[in-house]
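A.B. asks:
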Amino acid sequence: MNPNLKLSKRIHEHNLTNKVEYLNLVRRPSLLIYSLCFTIWLSFCFLFASNTLKSTFEHGDSDYPEQRNSLNQPGNGRPETEKCDLSKGRWTQDARGPLYTNFSCKTLPYQRNCFLHGRMDRDFLQWRWKPDECELPVFNPRSFLNIVKGKTMAFIGDSLARNHMNSLLCLLSEEETPREVYREDEEGKTIIWHLPRNNFTIMVLWSPFLVSASEMAVNGTETGGFHLHLDRIDESWVQKLPALDYAILSATNWFFRPNYVYEGGHFLGCIYCSDPNVTHLGPDIVIQGAFRLALKSINDCNSCSRIVTLLRTFSPSQFENGTWNTGGTCKRTRPFAPEEINNGGLDLVYRNAQLAEIDNARKLGEEKGRAFDVIDVTEAMLMRPDGHPGLHWDNRWNKGLSDCLHWCLPGPVDTWNEFLLELLQRHSSFPLSS
Numbered sequence: 001m002n003p004n005l006k007l008s009k010r011i012h013e014h015n016l017t018n019k020v021e022y023l024n025l026v027r028r029p030s031l032l033i034y035s036l037c038f039t040i041w042l043s044f045c046f047l048f049a050s051n052t053l054k055s056t057f058e059h060g061d062s063d064y065p066e067q068r069n070s071l072n073q074p075g076n077g078r079p080e081t082e083k084c085d086l087s088k089g090r091w092t093q094d095a096r097g098p099l100y101t102n103f104s105c106k107t108l109p110y111q112r113n114c115f116l117h118g119r120m121d122r123d124f125l126q127w128r129w130k131p132d133e134c135e136l137p138v139f140n141p142r143s144f145l146n147i148v149k150g151k152t153m154a155f156i157g158d159s160l161a162r163n164h165m166n167s168l169l170c171l172l173s174e175e176e177t178p179r180e181v182y183r184e185d186e187e188g189k190t191i192i193w194h195l196p197r198n199n200f201t202i203m204v205l206w207s208p209f210l211v212s213a214s215e216m217a218v219n220g221t222e223t224g225g226f227h228l229h230l231d232r233i234d235e236s237w238v239q240k241l242p243a244l245d246y247a248i249l250s251a252t253n254w255f256f257r258p259n260y261v262y263e264g265g266h267f268l269g270c271i272y273c274s275d276p277n278v279t280h281l282g283p284d285i286v287i288q289g290a291f292r293l294a295l296k297s298i299n300d301c302n303s304c305s306r307i308v309t310l311l312r313t314f315s316p317s318q319f320e321n322g323t324w325n326t327g328g329t330c331k332r333t334r335p336f337a338p339e340e341i342n343n344g345g346l347d348l349v350y351r352n353a354q355l356a357e358i359d360n361a362r363k364l365g366e367e368k369g370r371a372f373d374v375i376d377v378t379e380a381m382l383m384r385p386d387g388h389p390g391l392h393w394d395n396r397w398n399k400g401l402s403d404c405l406h407w408c409l410p411g412p413v414d415t416w417n418e419f420l421l422e423l424l425q426r427h428s429s430f431p432l433s434s
């Protein structure tokens, strides 16, 4: 059978057996009259989801108007959030749920549609991030698009950069449906989307190390390990910088492989290799070196007249009882409290390595008219072991393996874009190129 027909059949069967599930509220029959009746019936059956449906059909501005209008509109100053450290806080219960569903978002990727792949629990959607020092406004797609109208934004990094972008596309689709205008390959390593009504272009640029890297091979077979050069930038993303107004850097997770590291023509050592006579390097040292060169390349870009660079900090994998290849799982259904994350361990070491380099880049950027800031999500995501796909992803090529690295959509990853919107508002007066 044609694979596309098999996939369509699978999705159709899933819809029929789960039509009363929370996230399938917006499924529409072909005839308008039945669609209207079905929607009315569901609204009575699922009163607890009314705010989510309101967001889906009214594009977001009508629910919670006081909060959105007072804190989330550009130009209001928002003195409370302007000085607030968004990274420190806790997850609090919120029955309103997400702003979109796996049916209302037409751009949601198949792999991240955890409910389509059988996830049954929904409680993980009923939590919001509450910073210690302020209230973080609910994401407002109209406010976001008002800021980025006529601009171009790129997410630069690995598959988690794509996860971040896909979350943003779903949130923005409540206001305008994005159109895919370019895809480099079937894996979607480089994709460009456009929102024509707002003339906003958004893309993901694949660069898992940010620096130059070549995969090692043994007898013609790729090994999964890489040769990394900390003094050579990956030109594939740097050459696109002049066209960008916003660059969001986030590569980290590919550093946890048997990688061999070079600088200035000299071999420095390796990460996670078994060679006895080789210097063993901590991933944090190499991550810091890669971000140092990446941020320097942005500051040195002579044809980048104005650009806002945001570094999204390390997002931890949360495997328990093993790793990706050894049967590790992530079956939790509730967030951790701050006191349960044991100070973050090495995850915060990797995050701190990134922060050290963004601080240096910010100081240099001020002299050149460049803006740098941090989307600091590490501590918040350390508390969300419940937000990963686990077994509920497109793992047809990796049967039985859990994905405890990426994030379900909708899910906790949507909070990254609430952080992003807040930072864009702080930098909304920055003179971007036109």
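So in UniProt numbering, spot 245 of the sequence shown is number 245, and the numbers just go up one at a time.
Here a beta-carbon is modelled for each residue, glycine too, at the ideal position from N, C-alpha and C.
Bear in mind the structure is a predicted one, so any value in this text is a computation, not a measurement.
Could you have a look at E21 and say whether DSSP puts it in helix, strand or coil?
C.D. replies: Confidence is the limiting factor: at E21 the pLDDT is only 40, short of 50, which leaves the residue's position unreliable, though a coordinate-based value still follows. E21 falls in the coil class under three-state DSSP.
A.B. asks: Can you list, in chain order, the residues of its chain whose CB lies under 7 Å from that of D132, leaving out five sequence neighbours each side?
C.D. replies: Cβ neighbours of D132 beyond the five flanking positions: K88 and G89.
A.B. asks: Terminal residues of the continuous beta strand (DSSP E) containing K130?
C.D. replies: W127 to P131 is the span of the beta strand (DSSP E), which, as asked, contains K130.
A.B. asks: Would you please state the rounded distance, in angstroms, between the beta carbons of F319 and P283? I believe it to be under 8 Å.
C.D. replies: Not quite, the Cβ-Cβ distance comes to about 16 Å (not below 8 Å), so this is no contact.
A.B. asks: With distance defined between alpha-carbon atoms, name the residue in M203, S167, P196 and V218 nearest to R183.
C.D. replies: Of the candidates M203, S167, P196 and V218, the one whose C-alpha sits nearest the C-alpha of R183 is M203.
A.B. asks: So, helix, strand or coil for C301, using DSSP?
C.D. replies: Coil at C301, not helix or strand.
A.B. asks: Identify the residues that DSSP records as bridge partners of M153: which are they?
C.D. replies: DSSP, once it has assigned bridges, lists I202 and Y246 as partnering M153.
A.B. asks: Fully enclosed by the region 375 to 410, which alpha helix (DSSP H) runs are 4 residues long or longer?
C.D. replies: List check, alpha helix (DSSP H) in window: 378 to 382.
A.B. asks: By Cβ distance, which residues of its chain are closer than 6 Å to P109, with the 5 residues on each side in sequence left out?
C.D. replies: Correct list, in chain order: N166.
A.B. asks: Is it the case that the Cβ atoms of W407 and P389 are separated by a distance below 9 Å?
C.D. replies: It is a contact, given that the beta carbons lie within the stated cut-off.
A.B. asks: Nearest to L205 by alpha carbon, out of K149, G188 and V374?
C.D. replies: Taking only the C-alpha atoms, the option nearest L205 is G188.
A.B. asks: Between the region 288 to 296 and the region 359 to 370, can you find at least three pairs of beta-carbon atoms closer than 8 Å?
C.D. replies: With the cut-off at 8 Å, the region 359 to 370 and the region 288 to 296 touch.
A.B. asks: Nearest to L423 by alpha carbon, out of M383, V377 and L391?
C.D. replies: Ranking M383, V377 and L391 by Cα distance to L423 puts V377 first.
A.B. asks: Is F139 closer than 9 Å to E418 when the C-beta atoms are compared?
C.D. replies: Result yes, Cβ atoms of E418 and F139 sit closer than 9 Å.
A.B. asks: Is V286 buried or exposed, if buried means 16 or more other CB atoms sit within 10 Å of its CB?
C.D. replies: It is buried - the Cβ of V286 has at least 16 other Cβ atoms within 10 Å.
A.B. asks: Verify whether the separation of the beta carbon atoms of R112 and L409 is less than 9 Å.
C.D. replies: Taking 9 Å as the Cβ cut-off, R112 and L409 qualify as a contacting pair.
A.B. asks: Please classify V26 as buried or exposed, where buried requires at least 16 other C-beta atoms within 10 Å of its C-beta.
C.D. replies: Its pLDDT being 36, under 50, V26 is placed unreliably by the model, and nothing is read from it.
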